[in-house]
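Trainee:
Number of protein chains: 2
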Amino acid sequence: MNLETWRSFTPEQARTTIRNGHTGTTSGWSDGWAQANLLAVPREQAFDLMLFAQRNPKPCPLLDVFDPGARSSSRFKGDITTDVPAYRIYERGTLVAEETDVSGLWRDDLVAFLFGCSFSFERALIEAGIDMRHNAAGTTVPMYRTTIDCEPAGMFASSTVVSMRGVPADRVPDTVRICARYPAVHGAPVHVGDPGLIGITDLDKPDWGDPPVLREGDVPVFWACGVTPQAMVMQSRPEFAIAHAPGRMAITDIRESELITP
Amino acid sequence: MNLETWRSFTPEQARTTIRNGHTGTTSGWSDGWAQANLLAVPREQAFDLMLFAQRNPKPCPLLDVFDPGARSSSRFKGDITTDVPAYRIYERGTLVAEETDVSGLWRDDLVAFLFGCSFSFERALIEAGIDMRHNAAGTTVPMYRTTIDCEPAGMFASSTVVSMRGVPADRVPDTVRICARYPAVHGAPVHVGDPGLIGITDLDKPDWGDPPVLREGDVPVFWACGVTPQAMVMQSRPEFAIAHAPGRMAITDIRESELITP
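Read top to bottom, the protein sequences are chains A and B. Under the working numbering, the residues of the first sequence are numbered 37 to 298, in order. Under the working numbering, the residues of the second sequence are numbered 37 to 298, in order.
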């Protein structure tokens, strides 16, 4: 199978392929369907996480929250414990394992949260003729810790993690305008220009992902990033958490067209 | 004082006036600032309520959620136990009292939820030349129980309560277009036309508010309504809840202009 096949998959076909052994990225899969960041925490911490998401909608835009213990929902009709290519397991904020199936680790008190993913706004930008440099280079978008604090909630606090994409100066306004219409997938950028102003000392050394690809005349543009919930887990150390591995997302039954504001 | 004075109040001035004894409606107060529906429930039920709001954003658009026990927040800088003109107290789903001050009833485990209010989209419609019939008549907008079920969450279930406004047939498209840009205050209407299709048998007998005011050529237009959380309390019977009295809202520090989608 190749990208053209993956691109045309229904969410159900994509999830079946993943369940049957695909462990790589889901970038480009299931055109037109929203992909999501996963974070599952025990019911005991779920109210605080929901409050954190409510207060920080740019890094944590909620697409769906499952019932406690549930492995699926009306917006994700697969099995969340087998249908994500790879998972990260955290105990008291420490990454202890990476797994491709967490059906044996799932607990009756775990609450799965799905957060919007930048793949959706990237597609909208590409359609508008704004290239994604990291796609052409075959790399993962660079992500950085910043000095932009999230609003804390209960036990949870974190700085905002951002992703960075280089955009030609004359396309920056279109980039902002287009992304602003997608609040459910991080929305408008949070910063344009000088990385030092948000605490990034060396653009070439991201905290996650690959070094940036910038062309002559590109302005660095920064978006709140779905890795923020994992940074929050590392900082706030809940007893247990399961997240997706970067780039290996949950493919939902939500159409991207539903995520555009009127 | 008159409506022109109230209209020009800052949120702080409005809350002080209410704290000092105003017990009537807040319709028309603090032009440009969002007013909100209040529902406070114990921490034990707060996750379920948050899940209910997440799954039913049209009747329950979340503007803010306070920390457990808190009486204020960054988006409501007053005292939520004294700065709403009148409160309704529910015990196991039964309305047991109406009070003008609940500072003595507040508990350390109560979580206050603020939901968007139709006053905000009404102002936008009036600015577009779409009259609010009930304002001219000096009545309260009619509200109805419907057969449109909310998606349940944990202990909470409810049918959707709707408000109804008569709109000239040629202004219905503008009405939908304008309201769709305000998802945080109920958003686009949920139904246009025949009330029978959503289980309303007699338009002249609303479940809350006053009988409708319709002019020749008006189409009945229905919006999801902020009374839905109180209907949910009556149906699902949490141990304890405090809500605002209809039309007597919490005046927030959120600018209405922040609620418009890009």
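Yeah, the Cβ is synthetic: ideal placement off N, Cα and C, and Gly gets one too.
Using the DSSP secondary-structure output, state which residues sit across from Asp100 (chain A) in a beta bridge.
Mentor: If you number the first sequence from 1, residue 100 (chain A) lands on position 64. Partner(s): A:Leu150.
Trainee: Can you tell me whether Asp289 (chain B) is buried or exposed, with buried defined as 16 or more other CB within 10 angstroms of its CB?
Mentor: Walking along the second sequence from the start, residue 289 (chain B) turns up at place 253. Per the 10 Å Cβ criterion, buried.
Trainee: From this set, A:Val101, A:Pro93, A:Arg91, A:Ala72, which residue's C-alpha is nearest Ala82 (chain A)'s C-alpha?
Mentor: Taking the first sequence and counting its residues from 1, the one referred to as residue 82 (chain A) is at position 46. It is A:Val101 whose Cα lies nearest to the Cα of Ala82 (chain A).
Trainee: Taking the alpha carbon of Ala172 (chain B) as the reference point, which residue from B:Gly64, B:Asp103, B:Arg43, B:Leu141 has its own alpha carbon closest?
Mentor: Along the second sequence, read from residue 1 onward, the residue named residue 172 (chain B) stands at position 136. Closest option to Ala172 (chain B), Cα to Cα, is B:Gly64.
Trainee: Please identify the residue among B:Glu294, B:Cys96, B:His58 whose C-alpha is closest to the C-alpha of Glu135 (chain B).
Mentor: For the purposes of this step, residue 135 (chain B) is taken as the residue at position 99 of the second sequence. Looking only at B:Glu294, B:Cys96, B:His58, the smallest Cα-Cα distance to Glu135 (chain B) is reached by B:His58.
Trainee: Buried or exposed, going by whether 16 or more other CB atoms sit within 10 Å of the CB of Ala133 (chain A)?
Mentor: In the first sequence, counting from the first residue as 1, residue 133 (chain A) sits at position 97. Answer is exposed; the Cβ neighbour count stays below 16.
Trainee: Which chain B residues sit within Cβ distance under 7 Å of Thr196 (chain A)?
Mentor: In the first sequence, counting from the first residue as 1, residue 196 (chain A) sits at position 160. Here the premise fails: no neighbours, minimum Cβ distance about 17 Å.
Trainee: For Pro209 (chain B), does the count of other Cβ atoms within 10 angstroms reach 16, so buried, or fall short, so exposed?
Mentor: Position 173 of the second sequence, counting from 1, holds the residue named residue 209 (chain B). Pro209 (chain B) is exposed by the Cβ-count criterion.
Trainee: Are the beta-carbon atoms belonging to Leu146 (chain B) and Pro225 (chain B) less than 9 Å from one another?
Mentor: Position 110 of the second sequence, counted from the start, is the residue given in the question as residue 146 (chain B). Position 189 of the second sequence, counted from the start, is the residue given in the question as residue 225 (chain B). No, Cβ-Cβ distance for Leu146 (chain B) and Pro225 (chain B) is not below 9 Å.
Trainee: Would you say the region 248–268 of chain B touches the region 182–197 of chain B, given that touching needs at least three Cβ pairs under 8 Å?
Mentor: yes
Trainee: For Val269 (chain A), which of A:Gln71, A:Pro47, A:Leu75 has the nearest alpha-carbon?
Mentor: Taking the first residue of the first sequence as 1, we reach residue 269 (chain A) at position 233. Per the Cα distances, A:Leu75.
Trainee: Between Gly190 (chain B) and chain A, is there a C-beta pair that is closer than 9 Å?
Mentor: The residue labelled residue 190 (chain B) in the question sits at position 154 within the second sequence. Output row for Gly190 (chain B): interface = yes.
Trainee: Pick helix, strand or coil for Arg124 (chain B), following the three-state DSSP scheme.
Mentor: The residue labelled residue 124 (chain B) in the question sits at position 88 within the second sequence. Residue state for Arg124 (chain B) is assigned as strand, using DSSP reduced to three classes.
Trainee: Cβ of Thr118 (chain A) within 9 Å of Cβ of Ile162 (chain A)?
Mentor: Walking along the first sequence from the start, residue 118 (chain A) turns up at place 82. Walking along the first sequence from the start, residue 162 (chain A) turns up at place 126. No, the pair does not count as a contact, with Cβ atoms beyond the cut-off.
Trainee: Where does Ala24 (chain B) sit, in a helix, a strand or coil, going by DSSP?
Mentor: The question about residue 24 (chain B) has no answer, for chain B in this structure spans 37 to 298.
Trainee: With Thr53 (chain B) as the anchor, note down where its beta strand (DSSP E) starts and where it stops.
Mentor: On the second sequence, position 17 is the one that residue 53 (chain B) refers to. Not the beta strand (DSSP E): Thr53 (chain B) falls in the alpha helix (DSSP H), residues 47–55.
Trainee: Comparing C-alpha positions only, which one of A:Gly235, A:Gly253, A:Arg51 sits nearest to Thr196 (chain A)?
Mentor: Reading the first sequence from its first residue, position 160 is the one you call residue 196 (chain A). Measuring from the Cα of Thr196 (chain A), the nearest candidate turns out to be A:Gly235.
Trainee: According to DSSP, is Pro78 (chain A) part of a helix, a strand, or is it coil?
Mentor: As a position in the first sequence, residue 78 (chain A) is number 42, starting the count at 1. Of the three classes helix, strand and coil, the one that applies to Pro78 (chain A) here is strand, per DSSP.
Trainee: Just verifying my parser: in three-state terms, what is the DSSP assignment at Ala172 (chain B)?
Mentor: Start at 1 with the first residue of the second sequence, and residue 172 (chain B) comes out as number 136. Three-state result, Ala172 (chain B): helix.
Trainee: For Arg124 (chain A), go through chain B and note every residue whose CB falls closer than 7 Å to its CB, in chain order.
Mentor: Position 88 of the first sequence, counted from the start, is the residue given in the question as residue 124 (chain A). Under the 7 Å cutoff, chain B gives no residues; its nearest Cβ is about 24 Å from Arg124 (chain A).
Trainee: Rounded to whole angstroms, what is the Cα-Cα separation between Ser302 (chain B) and Leu39 (chain B)?
Mentor: Residue 302 (chain B) lies beyond the range of chain B shown here (37 to 298); nothing can be said about it.
Trainee: Would Val203 (chain A) and Val255 (chain A) be called neighbours here (beta carbons separated by less than 9 Å)?
Mentor: Taking the first sequence and counting its residues from 1, the one referred to as residue 203 (chain A) is at position 167. Taking the first sequence and counting its residues from 1, the one referred to as residue 255 (chain A) is at position 219. Cβ distance < 9 Å, so Val203 (chain A) and Val255 (chain A) count as in contact.
Trainee: If we cut at 9 Å on Cβ distances, does Glu163 (chain B) have a partner in chain A?
Mentor: The count along the second sequence starts at 1 and reaches residue 163 (chain B) at position 127. With 9 Å as the cut-off, Glu163 (chain B) does not count as an interface residue toward chain A.
Trainee: I want to verify the contact list: residues of chain A whose CB lies under 9 Å from the CB of Arg217 (chain B), in sequence order.
Mentor: Locating residue 217 (chain B) in the second sequence gives position 181, counting from the first residue. Scanning chain A for C-beta atoms nearer than 9 Å to the C-beta of Arg217 (chain B) yields Thr297, Pro298, reported in chain order.
Trainee: Measure the C-alpha to C-alpha separation of Ser44 (chain A) and Phe112 (chain A) and round it to an integer number of angstroms.
Mentor: Counting from 1 along the first sequence, the entry for residue 44 (chain A) is found at position 8. Counting from 1 along the first sequence, the entry for residue 112 (chain A) is found at position 76. Roughly 18 Å separates the two Cα atoms.
Trainee: Does any C-beta atom of chain B lie closer than 9 Å to the C-beta of Ala160 (chain A)?
Mentor: Position 124 of the first sequence holds residue 160 (chain A). For Ala160 (chain A), the answer is no, since every Cβ of chain B falls outside 9 Å of its Cβ.
Trainee: What residues from the region 69–89 of chain A come within 7 Å of chain B, judged by C-beta to C-beta, listed N to C?
Mentor: Ala82, Phe83, Met86, Leu87
Trainee: Less than 6 Å between C-beta atoms, sequence neighbours within five positions excluded: which residues of the same chain meet that for Leu98 (chain A)?
Mentor: Walking along the first sequence from the start, residue 98 (chain A) turns up at place 62. So the qualifying residues of the chain are Ala89.
Trainee: Please classify Thr199 (chain A): is it buried, with 16 or more other beta-carbons within 10 angstroms of its beta-carbon, or exposed?
Mentor: Translated into the one-based positions of the first sequence, residue 199 (chain A) becomes position 163. The question names Thr, yet the displayed sequence has Ser at residue 199 (chain A). With 16 or more other CB atoms across the displayed protein chains lying within 10 angstroms of its CB, Ser199 (chain A) is buried.
Trainee: Using C-beta distances below 6 Å, list every residue in its chain close to Val138 (chain B), excluding the 5 sequence neighbours before and after it, in chain order.
Mentor: Along the second sequence, read from residue 1 onward, the residue named residue 138 (chain B) stands at position 102. So the qualifying residues of the chain are Thr117, Tyr123, Ile278.
Trainee: Provide the residue(s) that pair with Leu131 (chain A) in DSSP beta bridges, ordered along the chain.
Mentor: For the purposes of this step, residue 131 (chain A) is taken as the residue at position 95 of the first sequence. BP columns for Leu131 (chain A) point to A:Tyr126.
Trainee: When we look at the beta-carbon of Gly114 (chain B) and count the other beta-carbons within 10 Å, is it buried (16 or more) or exposed?
Mentor: Here the question's residue 114 (chain B) lines up with position 78 in the second sequence. Buried is the call here.
Trainee: Using a Cβ-Cβ cut-off of 8 Å (strictly less than) and excluding sequence neighbours within five positions of Lys241 (chain B), which residues of its own chain qualify?
Mentor: Residue 241 (chain B) sits at position 205 when you count from the first residue of the second sequence. Excluding sequence neighbours, Lys241 (chain B) sits near Pro247.
Trainee: List the residues of chain B that Leu98 (chain A) touches, going by C-beta distances under 8 Å, in chain order.
Mentor: Within the first sequence, numbered from 1, the residue matching residue 98 (chain A) stands at position 62. Those within 8 Å of Leu98 (chain A) in chain B are Gln90.
Trainee: Quick one, which of B:Ala106, B:Gly60, B:Gly253, B:Leu150 has its alpha-carbon nearest Gly229 (chain B)'s?
Mentor: On the second sequence, position 193 is the one that residue 229 (chain B) refers to. Of the candidates B:Ala106, B:Gly60, B:Gly253, B:Leu150, the one whose C-alpha sits nearest the C-alpha of Gly229 (chain B) is B:Gly253.
Trainee: Measuring straight from C-alpha to C-alpha, what distance separates Met285 (chain A) and Pro95 (chain A)?
Mentor: Within the first sequence, residue 285 (chain A) is the residue found at index 249, counting from 1. Within the first sequence, residue 95 (chain A) is the residue found at index 59, counting from 1. Those two C-alpha atoms are separated by around 16 Å.
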